[in-house]
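S.K.:
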Amino acid sequence: MGAMTRRERWHEIQLRPPVRLALFVLGWVLIALSPLVGAIPGPGGLFVFAFGLGLVLKYSRWAKRRYVAFKRRWPKHGAWADWGLRRASAKRRAALGRQGAD
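Just so we're aligned: 98 in the working numbering is position 92 of the sequence shown, and the numbers increase by one with no gaps anywhere.
Written as structure tokens, this is what we have:
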């Protein structure tokens with residue numbers, strides 16, 4: 007048994023239900039705080055909202071289902087959300103689209 011890397015330790019920790027719940031709640035807190043941070047000059051509220059949304063989507067099946075329904079109904083807006091969240095699936099689709107255009 008070798009020493010675990012920091013990434014492996016974090017992956018193991020985030021699989022625990024209390025940690026997942028805490029990260030999910032933190033995501034909602036960040037989403038709720040984003041208008042307050044948005045009142046401060048600069049784009050801070052946008053980053054706080056995006057980080058909170060990322061946490062909620064990662065740790066909630068309900069939120070993932072809602073996100074998929076949103077993307078099906080409004081594909082263009084879903085593409086913007088994927089780009090903003092830096093989703094790997096968006097990068098794959100963009101690469102496939104570029105290959106198909108050639």
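Where a beta carbon is used, it is the ideal one built from N, C-alpha and C, also for glycine.
Computed from a prediction, not measured in an experiment: that's the story for all the values here.
(1) Skipping 5 residues on each side, what residues in its chain have a beta carbon closer than 6 angstroms to that of residue 29?
(2) By the three-class DSSP mapping on this structure, what secondary structure does residue 102 have?
(3) Is residue 79 helix, strand or coil by DSSP?
(4) Taking C-alpha atoms, which residue in 103, 41, 26 lies nearest to residue 85?
(5) Less than 6 angstroms between C-beta atoms, sequence neighbours within five positions excluded: which residues of the same chain meet that for residue 139?
(6) Could you spell out the range, first to last residue, of the alpha helix (DSSP H) harbouring residue 28?
M.R.: With the structure as the only source:
(1) 61, 65
(2) helix
(3) helix
(4) 103
(5) There is no way to answer for residue 139, as the model of the chain reaches only from 7 to 108.
(6) 23-44
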